[in-house]
Each structure stands twice: as structure tokens, then as C-alpha cells.
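Asker:
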Amino acid sequence: SQQGEEDPQALSIQEGENATMNCSYKTSINNLQWYRQNSGRGLVHLILIRSNEREKHSGRLRVTLDTSKKSSSLLITASRAADTASYFCATPMEYGNKLVFGAGTILRVKS
Amino acid sequence: EPEVTQTPSHQVTQMGQEVILRCVPISNHLYFYWYRQILGQKVEFLVSFYNNEISEKSEIFDDQFSVERPDGSNFTLKIRSTKLEDSAMYFCASSKDRESSPLHFGNGTRLTVT
Chain U
4 SQQGEEDPQA
14 LSIQEGENAT
24 MNCSYKTSIN
34 NLQWYRQNSG
44 RGLVHLILIR
54 SNEREKHSGR
64 LRVTLDTSKK
74 SSSLLITASR
84 AADTASYFCA
94 TPMEYGNKLV
104 FGAGTILRVK
114 S
Chain A
128 EPEVTQTPSH
138 QVTQMGQEVI
148 LRCVPISNHL
158 YFYWYRQILG
168 QKVEFLVSFY
178 NNEISEKSEI
188 FDDQFSVERP
198 DGSNFTLKIR
208 STKLEDSAMY
218 FCASSKDRES
228 SPLHFGNGTR
238 LTVT
């Protein structure tokens, strides 16, 4: 079974608009992480939210976590063309130390 | 800021050949990982490594794969006899500790098996 699954699969917005991406997961977690991947590059860690946190901010990023619904959202406010990338949520497996990544949301910000 | 470096950035090999992908993790990190991403697909976990041994591996990481930390800085992934389906981006990552610690990824090696 899949652990983290993002939706939408792709999102196209105008510069200045907000972008919201969602992630659902299946097992219990102690944290959830969001990563960004520019085309052809490695993943870059954006933000980590712990299971006892409901919301976290980092600059223009806002992440929420609802453990009762097993879901998280990533909001990018006032988007810029440079935000164009794929965004992945990742959760550590219940046992072991590996992070499992979702399929990602491809965000395109048009200028 | 320290970063994970991977070499080569692109490797082309013929089916059946052995390849070694190299990584230099961040120096004070203790956990090391290999992930792969087939074009347009998910980032898949291959293996994690801690204290000079494999701590976890996926079903993908079969007998054709091996990892090694030959010295204090390098972390390698060897594919013994490459198959066409091994063509993918291979990412090395490292982290300070096991839980609640973000992974730091390298920029990957694009492996093309012909």
C-alpha cells in the first residue's frame, strides 16, 4: 500500500497566487516532511512537522497536519516563477528509518 | 552550507556491466541512504546504512546491489550486472540521526543502461 499520496498531480497557477498541495498517508507517523525537486536535481527538504504539531510556518510556506484524517497540506503563498518544481510529502515508516515519498505534485507558476 | 555530492552526474553503461555510483555524504551525518527515481515516477527507497552496515533495504535492493563505505567519507552503490530497467536517477542522501531528521540529498547520478 502507498504511504504518502499527494494531490493534485499537477497544478498550474499565475505568479502571485497561492498554491495548495495535499498529502494523505496510511500508517501512524511521528513526523511528516515536505521536499521540493527542481527538474533534474535532487530533493531539497522544505519543512518537517511533528505529529504533535498542527501547523508550521517557514517563510511563504505553511504546512498543516491532521493526524485524525491522516493528511497534510502545503500552502505556498504569493507564488513566484521560481517555485516551479515538484513537491513531495514523505513519512517515516512505522518501523525502520526509511522515508517513503509520495508521487508528488508538479507545480507550474506562470509569470 | 555542507552538501552531499555525487559522481558521476551521468553514467552510460551496457547491459550486464558493473557500475559504481559514488557519494560523499555530509561529514557529521551518521545515516546514509540510496534512493532511485525512474523517469516520471516516484522516488523509491533502496537501502539505508548505519554504523558500517545495512540497516534496512527494499525489495528492489536484490543481490545485484551492494553498498559500501570504503573510507571515512565515501559511500558507494554498486550494481553488479546492470539491466535495462536499472536506468534511473540514483540519489544519495544522508541525515544526522534516525528520527525527525531531514534527509539531505545529492543531485543524483543519471544511469542509462543500453
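Chains as they are written, first to last, in the working numbering: chain U, 4 to 114; chain A, 128 to 241. In this text, a Cβ means the ideal position worked out from N, Cα and C, and glycines have one as well.
(1) Considering just the uninterrupted stretch of the beta strand (DSSP E) at U/Pro95, what are its terminal residues?
(2) For A/Ala215, would you say it is in contact with chain U, using Cβ-to-Cβ distances shorter than 9 Å as the test?
(3) Name, please, each residue of chain A whose Cβ falls closer than 7 Å to the Cβ of U/His60.
(4) I'd like to know whether the C-beta of U/Lys29 is nearer than 9 Å to at least one C-beta of chain A.
(5) Excluding the 5 residues flanking A/Val183 on each side, which residues of the same chain have their C-beta closer than 6 Å to its C-beta?
(6) Just checking my contact of U/Ile109 with U/Ala22 at CB under 8 Å: how many whole Å lie between their CB atoms?
(7) What residues from chain A crowd round U/Ala106, counting only those whose CB sits closer than 7 Å?
(8) By the 10 Å Cβ neighbour count, where 16 or more other Cβ atoms means buried, how is A/Asp198 classified, buried or exposed?
(9) Considering only their Cβ atoms, is the gap separating A/Thr239 from A/Thr134 smaller than 9 Å?
Answerer: So, from the data block:
(1) Locating residue 95 of chain U in the first sequence gives position 92, counting from the first residue. Segment 88-95, the beta strand (DSSP E) holding U/Pro95.
(2) The sequence position of residue 215 of chain A within the second sequence is 88, counting from 1. Not one chain U Cβ lies under 9 Å of A/Ala215.
(3) To locate residue 60 of chain U, count along the first sequence from 1; it is residue 57. Those do not exist, as U/His60 stays about 17 Å from chain A at its closest Cβ, beyond 7 Å.
(4) Mapped onto the first sequence, residue 29 of chain U falls at position 26. For U/Lys29, the answer is no, since every Cβ of chain A falls outside 9 Å of its Cβ.
(5) The residue you call residue 183 of chain A lines up with position 56 of the second sequence. The sequence given here places Glu at residue 183 of chain A; Val does not occur at that position. Same-chain partners within the cutoff: Ser175.
(6) Locating residue 109 of chain U in the first sequence gives position 106, where the first residue counts as 1. Locating residue 22 of chain U in the first sequence gives position 19, where the first residue counts as 1. About 11 Å; that fails the 8 Å criterion.
(7) Looking up residue 106 of chain U in the first sequence gives position 103. What U/Ala106 touches in chain A: Lys169.
(8) Residue numbering aside, residue 198 of chain A sits at position 71 when the second sequence is read from its first letter. The residue in question, A/Asp198, is exposed, as its Cβ has fewer than 16 Cβ neighbours within 10 Å.
(9) Sequence index remark: in the second sequence, residue 134 of chain A carries index 7 (1-based). Sequence index remark: in the second sequence, residue 239 of chain A carries index 112 (1-based). Contact flag unset, no.
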